[in-house]
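To start, the structure itself, in structure tokens.
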DNA sequence: AGCAAACATTTTATGTTTAAAATATTGATC
DNA sequence: GATCAATATTTTAAACATAAAATGTTTGCT
């Protein structure tokens with residue numbers, strides 16, 4: 001095991017110099033935080049359930065839609081490329097956690113759903129996942145939570161504008 | 165959770181339940197936001213300077229340390245694995261943007277620095293980068309900015325505790 | 001019907017990222 | 001001074017990610 005950054009955590013954010021702008025400082029802190037949590041969740045999923053974050057993510061999307069989703073839907077919701085979804089889905093299918101069946105009336109598309117085994121497996125994982133996230137983010141007050149949610153919504157809108 | 169009584173009050177149960185959902189919602193929003201910005205910056209760096217985000221990040225770490233950094237320092241500060249830094253540094257070195265020289269007194273380590281060309285190149289990119297970040301995050305009020313910075317610092321601490 | 005454009009997915013090539021094993025060096029201890 | 005653990009880096013294998021080309025399918029248009 002390599003165990004990076006286990007000791008004294010020197011990261012993006014703590015090395016920022018005074019000359020850097022407010023926005024950059026916020027961005028680096030945002031990035032650091034997200035990376036830390038993502039790394040933690042990835043490690044937990046791996047050690048507890050021997051699954052990767054992208055595979056968990058795909059299953060989570062399906063768990064919200066009992067009717068199933070097409071590959072394209074998954075690509076959109078997971079915000080990754082179609083080719084990527086193909087690969088991840090192929091693995092989950094080979095493990096028997098999802099199934100891909102033809103859609104009647106459209107022979108281009110597949111309808112992807114969780115198998116019975118996939119549902120059971122996901123239920124276990126989701127409970128643990130929720131607890132891990134709560135450990136990381138549960139310490140915020142209601143007010144802090146509200147501020148964060150509002151600010152993030154605004155940021156999301158602004159990035160959308162910029163991309164246009 | 166403590167769960168002292170045999171019959172748990174419904175509102176306590178549901179409060180916990182709700183709290184957990186809250187944390188997950190915040191996490192998903194945080195992740196989405198960060199990914200959106202990261203994707204934007206990655207695209208801009210690619211189209212404007214034909215460089216990837218990890219390469220830019222490595223150069224940014226070096227730009228802050230005129231004395232240079234070892235590969236291990238870089239790994240820690242970039243929060244990526246050592247093997248990853250090896251690959252990225254090899255590319256930047258072959259492009260003449262960084263140099264890696266032996267450290268006197270420690271034949272294991274390398275001292276990595278920006279070359280003259282690397283400094284010039286980074287200066288250009290950093291200016292554009294700051295503007296792109298400001299486009300995404302500059303719309304927040306001072307108060308919102310402060311709330312975000314405080315909340316993120318707390319989250320960072322909590323994740324650190326959890327990892328221990 | 002014929003044909004072109006759009007759609008849904010997979011394949012391919014390339015590159016990033018990680019974990020783990022491998023290599024080599026250093027320092028401490030006996 | 002021999003040995004062993006810690007350190008610094010590279011290499012390897014597997015998973016993930018993207019863009020772009022390829023493969024089929026559907027729809028609309030004439």
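Chains as they are written, first to last, in the working numbering: chain A, 1 to 164; chain B, 165 to 328. Just so you know, even glycine gets a beta-carbon here, dropped at the ideal spot from N, CA and C. Since the structure is predicted, the reported quantities are computational estimates derived from the model, not experimental observations.
Please return the same chain residues whose Cβ sits closer than 8 Å to the Cβ of residue i, not counting the five positions on each side in sequence.
i: residue 110 of chain A; result: 70, 71, 100, 101, 102, 103
i: residue 81 of chain A; result: 75
i: residue 91 of chain A; result: 55
i: residue 133 of chain A; result: 37, 41
i: residue 119 of chain A; result: 63
Look at residue i and residue j and say whether their C-beta atoms are less than 8 Å apart.
i: residue 115 of chain A; j: residue 140 of chain A; result: no
i: residue 209 of chain B; j: residue 198 of chain B; result: no
i: residue 58 of chain A; j: residue 79 of chain A; result: no
i: residue 326 of chain B; j: residue 40 of chain A; result: yes
i: residue 190 of chain B; j: residue 137 of chain A; result: yes
i: residue 277 of chain B; j: residue 226 of chain B; result: yes
i: residue 311 of chain B; j: residue 21 of chain A; result: no
According to the neighbour-count rule (16 or more other Cβ atoms, all chains shown, within 10 Å of its Cβ), is residue i buried or exposed?
i: residue 125 of chain A; result: buried
i: residue 323 of chain B; result: buried
i: residue 55 of chain A; result: buried
i: residue 43 of chain A; result: exposed
i: residue 187 of chain B; result: buried
i: residue 285 of chain B; result: buried
i: residue 247 of chain B; result: exposed
i: residue 321 of chain B; result: exposed
i: residue 224 of chain B; result: buried
i: residue 89 of chain A; result: buried
i: residue 150 of chain A; result: exposed
i: residue 328 of chain B; result: exposed
i: residue 192 of chain B; result: exposed
Using three-state DSSP, classify residue i as helix, strand or coil.
i: residue 115 of chain A; result: coil
i: residue 101 of chain A; result: strand
i: residue 210 of chain B; result: helix
i: residue 317 of chain B; result: helix
i: residue 233 of chain B; result: strand
i: residue 148 of chain A; result: helix
i: residue 64 of chain A; result: coil
i: residue 271 of chain B; result: strand
i: residue 330 of chain B; result: Within the shown structure, residues of chain B are numbered from 165 to 328, placing residue 330 of chain B beyond reach of any answer.
i: residue 129 of chain A; result: helix
i: residue 52 of chain A; result: coil
i: residue 85 of chain A; result: helix
i: residue 21 of chain A; result: coil
i: residue 38 of chain A; result: helix
i: residue 328 of chain B; result: coil
i: residue 59 of chain A; result: helix
i: residue 159 of chain A; result: helix
Can you give me the Cβ contacts of residue i inside the same chain, cut-off strictly under 6 Å, excluding the 5 residues immediately before and after it?
i: residue 107 of chain A; result: none
i: residue 308 of chain B; result: none
i: residue 299 of chain B; result: none
i: residue 85 of chain A; result: 71, 74, 75
i: residue 68 of chain A; result: 111, 112, 113
To which residues of the same chain is residue i closer than 7 Å at the C-beta, ignoring the five residues directly before and after it?
i: residue 48 of chain A; result: 128
i: residue 281 of chain B; result: 260, 261
For the region 297-314 of chain B, list every residue whose C-beta sits within 7 Å of some C-beta in chain A, in sequence order. Of all residues in the region 297-314 of chain B, 297, 298, 299, 300, 301, 302, 303, 304, 308, 309, 311, 312, 313 have a Cβ within less than 7 Å of some Cβ in chain A.
Give me the subset of the region 21-37 of chain A whose CB atoms are less than 7 Å from a CB atom of chain B, sorted by chain position. If you check each beta-carbon in the region 21-37 of chain A against every beta-carbon of chain B, the ones closer than 7 Å belong to 21, 22, 23, 24, 26, 27, 29, 30, 31, 32, 33, 34, 35, 36, 37.
Report the residues of the region 82-102 of chain A with a CB closer than 9 Å to any CB of chain B, ordered along the chain. Within the region 82-102 of chain A, no residue qualifies.
By the 7 Å beta-carbon criterion, what residues does the region 277-298 of chain B contribute toward chain A? Those would be 294, 297, 298, in chain order.
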